[in-house]
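Colleague: Chains as they are written, first to last, in this note's numbering: chain A, 1 to 179; chain B, 1001 to 1303.
Dumping the structure here so I can ask a few things about it.
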């Protein structure tokens, strides 16, 4: 039993890494070379939060940090800043995940939306404070909004397609073997 | 909330320690980037160099399929496109005639002047591997890099117009910051008035023209070409045409087709020769040689 739970744990961790790689792959496809294209939601953060709320043990902090840093490097963002904000958001949501286990999607959505907006604005303000060249304010806000709107979709994919669901109260086996 | 934090305490101080260390590492990377940006950007280029070419086997078919679908959509408009092209073809034929005559005249004049053209502008063609992946950065990744002798700062063009500047070269890949990127500033000349200006990217498809001395001399439709000021770019590369934005601001309608960049030419450019020694010209003892700037300008005439 323990063996099975442990192998599923590592499979899902690997699965999260591959999922993020697939998202980055789609972002990097050279389809949108002209300026002024669509603004996509930040799917990496969406999935990170959705998994953190559902199964914190599938997305350990180290994995999240590596994945976010990789996204920063590949998507031409200042490396590290967005990663650290996203990591803090995910860890905070993990802390709340036990409280959110029985909560409805709406209350989860609200607390996640607060984090999206919070770290989105913090990111922009920090870059402005340090005089780093950054995206103009309006598209940045648009991206925050579409990311918030994309979250229910991401939850649906996480729940339905990927089978990452909130642990039932009696299902403590996977917690027990967490490294 | 208090209950939650107590849960975290029970979950283990180790986890908090790990989190603290990770936060410190990531913040450290960001601070390092602020202090020593080139080093971290080189690291970024190396990471990209390791990852993106390995994804190419998957990227090429996906991109190809999507292009195919887009092409299929454009087939539906094939009749109107056809008649449009016939019309354009008729116009082009008269232009060809004019161009041939001008070419002959130009060759004769160059011959009379005994002009030595700048022979060093050769190019390497690269395939576009990936775009920037972010709507806020306008750049593409090429599959040519230091291995092919690419040097940072070289200009890239598609067949017609300037696309951008090489910024970040790894072993097998190099990144091209496009003219439309918010960090791009290109010194330009507007012909025929000869006004100098800066084409400053702002993430829009048509970058605005800044620092124009006398906007009255510039009319929509004028050609915008690089001036070669600053020595980064060769002079005389076509950027596009002046267009008046609704706000009254002048912008450049770029000549390169940004919507579908598949191949880019990287121009080898080893810098303009500075004119330091003018005594020969002044005392008239030596024959007057055209400086490289003049030669570049003449080469632009021949293009």
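Each residue gets a CB set at the ideal place from its N, CA and C atoms; glycine is no exception.
If I follow the unbroken alpha helix (DSSP H) through residue 1074 of chain B, where does it start and stop?
Modeller: Counting from 1 along the second chain, the entry for residue 1074 of chain B is found at position 74. 1037-1075 is the extent of the alpha helix (DSSP H) around residue 1074 of chain B.
Colleague: Residue 1199 of chain B and residue 1185 of chain B - do their beta-carbons sit closer together than 9 angstroms?
Modeller: In the second chain, counting from the first residue as 1, residue 1185 of chain B sits at position 185. In the second chain, counting from the first residue as 1, residue 1199 of chain B sits at position 199. Yes, Cβ-Cβ distance for residue 1185 of chain B and residue 1199 of chain B is below 9 angstroms.
Colleague: Residue 30 of chain A and residue 1068 of chain B: beta carbons closer than 9 angstroms?
Modeller: Position 30 of the first chain, counted from the start, is the residue given in the question as residue 30 of chain A. Position 68 of the second chain, counted from the start, is the residue given in the question as residue 1068 of chain B. No, Cβ-Cβ distance for residue 30 of chain A and residue 1068 of chain B is not below 9 angstroms.
Colleague: When the cut-off is 9 angstroms and only beta carbons count, does residue 1258 of chain B lie next to chain A?
Modeller: Against the second chain, residue 1258 of chain B aligns to sequence position 258. Yes, because at least one Cβ of chain A sits closer than 9 angstroms to the Cβ of residue 1258 of chain B.
Colleague: Would you grab the beta carbon distance between residue 1121 of chain B and residue 1239 of chain B for me? Rounded to a whole angstrom, and I think it's under 8 angstroms.
Modeller: Your numbering for residue 1121 of chain B matches position 121 in the second chain. Your numbering for residue 1239 of chain B matches position 239 in the second chain. With a Cβ gap of about 16 angstroms, residue 1121 of chain B and residue 1239 of chain B do not count as contacting.
Colleague: What's the call for residue 143 of chain A, buried or exposed, on a 16-neighbour Cβ count within 10 Å?
Modeller: On the first chain, position 143 is the one that residue 143 of chain A refers to. Looking at its Cβ environment, which holds 16 or more other Cβ atoms inside 10 Å, residue 143 of chain A is buried.
Colleague: So which of B:1216, B:1094, B:1098 and B:1207 has the shortest CA-CA distance to residue 1254 of chain B?
Modeller: The residue labelled residue 1254 of chain B in the question sits at position 254 within the second chain. For the residues B:1216, B:1094, B:1098 and B:1207, the minimum Cα distance to residue 1254 of chain B belongs to B:1207.
Colleague: Tell me the DSSP secondary structure of residue 1128 of chain B in three-state form.
Modeller: Taking the second chain and counting its residues from 1, one reaches residue 1128 of chain B at position 128. Of the three classes helix, strand and coil, the one that applies to residue 1128 of chain B here is strand, per DSSP.
Colleague: Flag this pair as yes or no: are the beta carbons of residue 112 of chain A and residue 67 of chain A separated by less than 9 angstroms?
Modeller: Here the question's residue 112 of chain A lines up with position 112 in the first chain. Here the question's residue 67 of chain A lines up with position 67 in the first chain. Not a contact, by the Cβ cut-off of 9 angstroms.
Colleague: Does residue 1066 of chain B have its Cβ less than 9 angstroms from a Cβ in chain A?
Modeller: Here residue 1066 of chain B refers to the residue found at position 66 of the second chain. Residue 1066 of chain B counts as touching chain A.
Colleague: Within this structure, are the beta carbons of residue 63 of chain A and residue 16 of chain A separated by less than 9 angstroms?
Modeller: Your numbering for residue 63 of chain A matches position 63 in the first chain. Your numbering for residue 16 of chain A matches position 16 in the first chain. Cβ atoms of residue 63 of chain A and residue 16 of chain A: closer than 9 angstroms.
Colleague: Would a check of beta-carbon distances place residue 69 of chain A closer than 9 angstroms to chain B?
Modeller: The residue labelled residue 69 of chain A in the question sits at position 69 within the first chain. True, the Cβ-Cβ gap to chain B drops below 9 angstroms.
Colleague: Would the segment 1039-1058 of chain B count as touching the segment 81-100 of chain A if we require 3 or more Cβ pairs under 8 angstroms?
Modeller: No: fewer than three Cβ pairs fall under 8 angstroms.
Colleague: From residue 1264 of chain B to residue 1149 of chain B, what distance separates their C-alpha atoms?
Modeller: Taking the first residue of the second chain as 1, we reach residue 1264 of chain B at position 264. Taking the first residue of the second chain as 1, we reach residue 1149 of chain B at position 149. Taking the straight line from one Cα to the other gives about 15 angstroms.
Colleague: Whole angstroms are fine: how far does the CA of residue 82 of chain A sit from the CA of residue 180 of chain A?
Modeller: Since the first and last residues shown for chain A are 1 and 179, residue 180 of chain A lies out of range.
Colleague: Tell me whether residue 80 of chain A sits in a helix, a strand or coil according to DSSP, three-state version.
Modeller: Within the first chain, the letter at position 80 stands for residue 80 of chain A. In the structure shown, residue 80 of chain A sits in coil (DSSP, three-state: anything other than H, G, I, E or B).
Colleague: Given that residue 91 of chain A touches chain B, what residues does it touch there, using C-beta distances under 7 angstroms?
Modeller: Residue numbering aside, residue 91 of chain A sits at position 91 when the first chain is read from its first letter. Going along chain B in sequence order, the residues near residue 91 of chain A (Cβ under 7 angstroms) are 1019.
Colleague: For the pair the segment 1147-1164 of chain B and the segment 1224-1244 of chain B, tell me if three or more CB-CB distances fall below 8 angstroms.
Modeller: Short answer: they touch.
Colleague: Excluding the 5 residues preceding and the 5 following residue 140 of chain A in the sequence, name in chain order all residues of the same chain whose CB lies nearer than 6 angstroms to its CB.
Modeller: Looking up residue 140 of chain A in the first chain gives position 140. Hits under 6 angstroms: 124.
Colleague: Residues of the segment 16-39 of chain A in Cβ contact with chain B at a cutoff of 8 angstroms, in chain order, please.
Modeller: Those residues of the segment 16-39 of chain A that come within reach of chain B (Cβ to Cβ, closer than 8 angstroms) are 24, 25, 27, 28, 29, 30, 31, 32, 33, 34, 35, 36, 37, 38 and 39.
Colleague: Should the segment 1134-1142 of chain B be regarded as contacting the segment 71-79 of chain A, the criterion being three or more beta carbon pairs within less than 8 angstroms?
Modeller: Segments in contact, yes.
Colleague: Quick one: list the residues of chain B neighbouring residue 41 of chain A, beta-carbon separation under 8 angstroms, in chain order.
Modeller: One-based indexing of the first chain puts residue 41 of chain A at position 41. Within 8 angstroms Cβ-Cβ: nothing; residue 41 of chain A doesn't reach chain B, min ~11 angstroms.
Colleague: For residue 39 of chain A, does the three-state DSSP call read helix, strand or coil?
Modeller: Along the first chain, one-based indexing puts residue 39 of chain A at 39. Coil.
Colleague: Got a sec, what are the start and stop residues for the alpha helix (DSSP H) residue 1186 of chain B sits in?
Modeller: Against the second chain, residue 1186 of chain B aligns to sequence position 186. No alpha helix (DSSP H) holds residue 1186 of chain B; the beta strand (DSSP E) holding it covers 1185-1191.
Colleague: Leaving out five residues before and five after residue 39 of chain A in sequence, what residues of the same chain have Cβ atoms less than 7 angstroms from its Cβ?
Modeller: In the first chain, residue 39 of chain A corresponds to position 39, counting from 1. If we look at residue 39 of chain A and ignore the five residues flanking it on each side, its Cβ neighbours are 139, 142, 143 and 146.
Colleague: Among residues of its own chain, excluding the 5 on either side of residue 148 of chain A, which ones have a beta-carbon nearer than 6 angstroms to its beta-carbon?
Modeller: Within the first chain, residue 148 of chain A is the residue found at index 148, counting from 1. Closer than 6 angstroms at the Cβ level, and outside the excluded window around residue 148 of chain A, lie 113 and 116.
Colleague: Starting from the N-terminal side, write out each stretch of the alpha helix (DSSP H) that is 4 residues or longer and does not extend beyond the segment 101-134 of chain A.
Modeller: Those alpha helix (DSSP H) runs which fall completely within the segment 101-134 of chain A and span 4+ residues are 105-129.
Colleague: Considering only residues of the same chain and omitting the five flanking positions on each side of residue 1056 of chain B, which have a CB-CB separation below 8 angstroms?
Modeller: Against the second chain, residue 1056 of chain B aligns to sequence position 56. Contacts found: 1129 and 1143.
Colleague: Pick helix, strand or coil for residue 151 of chain A, following the three-state DSSP scheme.
Modeller: The residue you call residue 151 of chain A lines up with position 151 of the first chain. Looking at residue 151 of chain A - three-state DSSP - the assignment turns out to be helix.
Colleague: Listed in chain order, which residues of the segment 43-69 of chain A have Cβ atoms closer than 7 angstroms to some Cβ of chain B?
Modeller: Residues passing the 7 angstroms Cβ filter: 61, 62, 65 and 69.
Colleague: I'd like to know whether the C-beta of residue 177 of chain A is nearer than 9 angstroms to at least one C-beta of chain B.
Modeller: Residue mapping note: residue 177 of chain A aligns to position 177 of the first chain, counting from 1. Because residue 177 of chain A sits at a pLDDT of 41, beneath the cut-off of 50, its placement in the model cannot be relied upon, and the point is left open.
Colleague: Quick one: residues in its chain with C-beta nearer than 7 angstroms to the C-beta of residue 1225 of chain B, no 5 flanking neighbours on either side, listed in chain order?
Modeller: Position 225 of the second chain, counted from the start, is the residue given in the question as residue 1225 of chain B. Closer than 7 angstroms at Cβ, skipping near neighbours: 1188, 1189, 1191, 1236, 1237, 1238, 1239 and 1300.
Colleague: Helix, strand or coil: which one does DSSP assign to residue 1150 of chain B?
Modeller: Within the second chain, numbered from 1, the residue matching residue 1150 of chain B stands at position 150. Note: residue 1150 of chain B maps to coil in three-state DSSP.
Colleague: On the criterion of 16 or more Cβ atoms from any shown chain inside 10 Å, does residue 1251 of chain B qualify as buried, or is it exposed?
Modeller: Locating residue 1251 of chain B in the second chain gives position 251, counting from the first residue. Buried, since its Cβ has 16 or more Cβ neighbours within 10 Å.
Colleague: Closest by CA to residue 1197 of chain B, which one among B:1215, B:1204, B:1180 and B:1181?
Modeller: Taking the first residue of the second chain as 1, we reach residue 1197 of chain B at position 197. Answer by Cα proximity: B:1215.
Colleague: Indicate the three-state DSSP secondary structure (helix, strand or coil) for residue 167 of chain A in the structure shown.
Modeller: Within the first chain, residue 167 of chain A is the residue found at index 167, counting from 1. Three-state result, residue 167 of chain A: coil.
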